[in-house]
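What follows is a set of notes on a single structure, which appears directly below.
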Amino acid sequence: MFAKVKQLIEEIEAASPKTKDELEQFRIQYLGSKNVIKPLFGEIKNVPNEQKKEYGQFVNQAKETAERKFAELQEALEAAAGDADADLLDLTRPGEPLELGSRHPIATTLNRIVSIFQRMGFTVAEGPDIEDDWHNFTAMNTPEDHPARDMQDTFYLQNSTEMLLRTHTSPVQARVMTSQQPPIRIIAPGRVYRNETISARSHAQFHQVEGLYVDEGVSFADMKQTLMYFAQEMFGTPKIRLRPSYFPFTEPSAEMDVWIGMDNEKNYRLSKGTGWLEILGCGMVDPKVLENCGIDPEKYSGFAFGMGIERQAMRLYDIHDIRLFFENDVRFLKQFSAVI
Ligand code: DAH
């Protein structure tokens, strides 16, 4: 009798179910309602009286062994299942690389320009892309018969002679001056539109940054100093050239060139063999413009400037075709992912 129980205990200890099903077999065999230990309790009647107590304890031991073994096996199997799940999520494997976006070269160029003027105390102003004739032309002292108003240049909204896509950022000057009195010190970056043939060098949409400084006693010298600082920060040289020019909204007016030199082919080509790169138009705000916007020209004076972004971005990143800026071809844009 004792030998039979001993053998059973050994059998239980040796059992090693590998799967959930095998473990269930183990449970049914040793702990289920018809388990193999139960009949051994019944055998107690065949055991001599003096050994009955010892026998009973021995069979109990078999039962406890089965219970303990079951608990151990269950735990081991669950842990193994956990490991199997962990296999699916191997944290040491290299991850899927994240596709990083990149900033558009126009945006980075614009941000650079904006931050240079912010350091000089200019704040950013904005105006709408769809403008009215008054802000775009009339307020800016552009007479009815001025060629800039020509339907060839300006995109008017359908069936309208009043509403148009702004042809420059200058109308933001009028928007700011009609809503606030000096001192005014703003820059206005934005998109502008002109009905031009699209080619590698020109486009029907491009970007400008407008600047306006109005206060008591603002002089041409202040303008020159401001623009020299800009050239120094943007192009690494304060060497600029102001050429007399004409704009309806400034008097006197000038165009500003920056010295980029001719020491390499790129700069030679960009400056058309002169070493000078034209980057902006500027001048003293015409008193008529101040008056149009409700600012007393006897008391205040100011300077203004407007520059194109594309040409500067093309120089900065060595881009030869302006159309690339507007096609949004990912293969082009991706090349600027390292640029901040
Ligand atoms: N609005 C002019 C253009 O689009 C650029 C310009 C010239 C702006 C002189 C100004 C300025 O503010 O003073 O060509």
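Okay, so the sequence shown: first residue is 695 according to this note's numbering, each after it adds one.
Just so it is clear, CB atoms sit at the ideal spot from N, CA and C, and this is done for glycine as well.
Return yes when the C-beta of residue i is under 7 Å from any heavy atom of the ligand DAH, and no when it is not.
| i | result |
| --- | --- |
| residue 996 | no |
| residue 904 | yes |
| residue 999 | yes |
| residue 977 | yes |
| residue 944 | yes |
| residue 809 | no |
| residue 897 | no |
| residue 941 | yes |
| residue 1014 | no |
| residue 840 | no |
| residue 864 | yes |
| residue 913 | no |
| residue 947 | yes |
For residue i, I'd like the list of residues in its chain whose CB is within less than 8 Å of its CB, leaving aside the five on either flank, ordered along the chain.
| i | result |
| --- | --- |
| residue 996 | 876, 878, 906, 907, 908, 909, 912, 978, 979 and 984 |
| residue 798 | 1019, 1027 and 1030 |
| residue 1043 | Outside the shown range of the chain, which is 695 to 1034, sits residue 1043, and nothing can be said about it. |
| residue 922 | 932 and 934 |
| residue 815 | 879 |
| residue 730 | 702, 723 and 724 |
| residue 738 | 746, 749, 750 and 753 |
| residue 707 | 759 and 763 |
| residue 1003 | 800, 803, 804, 807, 883, 900, 901, 902 and 903 |
| residue 832 | 986 |
| residue 970 | 935, 951, 952, 953 and 954 |
| residue 990 | 984 |
Just mark residue i as buried or exposed, buried being the case when its beta carbon has 16 or more other beta carbons within 10 Å.
| i | result |
| --- | --- |
| residue 854 | exposed |
| residue 829 | buried |
| residue 702 | buried |
| residue 757 | buried |
| residue 763 | buried |
| residue 867 | buried |
| residue 817 | exposed |
| residue 988 | exposed |
| residue 938 | exposed |
| residue 819 | buried |
| residue 813 | exposed |
| residue 803 | buried |
| residue 892 | exposed |
| residue 790 | exposed |
| residue 947 | buried |
| residue 734 | buried |
DSSP on residue i, reduced to helix/strand/coil?
| i | result |
| --- | --- |
| residue 900 | strand |
| residue 891 | coil |
| residue 881 | strand |
| residue 816 | coil |
| residue 1012 | coil |
| residue 789 | coil |
| residue 730 | coil |
| residue 912 | coil |
| residue 938 | strand |
| residue 826 | strand |
| residue 1036 | Within the shown structure, residues of the chain are numbered from 695 to 1034, placing residue 1036 beyond reach of any answer. |
| residue 956 | coil |
| residue 695 | coil |
| residue 838 | coil |
Ignore the nearest five residues each way along the sequence and tell me which others in residue i's own chain have a CB closer than 6 Å to its CB.
| i | result |
| --- | --- |
| residue 850 | 858 |
| residue 835 | 942, 943, 980, 982 and 983 |
| residue 1011 | 799 |
| residue 709 | 720 |
| residue 827 | 856 |
Compute the minimum distance between the beta carbon of residue i and the heavy atoms of the ligand ZN, and state whether it is under 7 Å.
| i | result |
| --- | --- |
| residue 920 | No copy of the ligand ZN appears in this structure; the ligands present are the ligand DAH. |
What does a CB cutoff of less than 7 Å around residue i pick up in its chain, not counting 5 residues either side in sequence?
| i | result |
| --- | --- |
| residue 717 | 711, 767, 768 and 771 |
| residue 927 | 810 |
| residue 885 | 823, 899 and 901 |
| residue 847 | 861, 888 and 889 |
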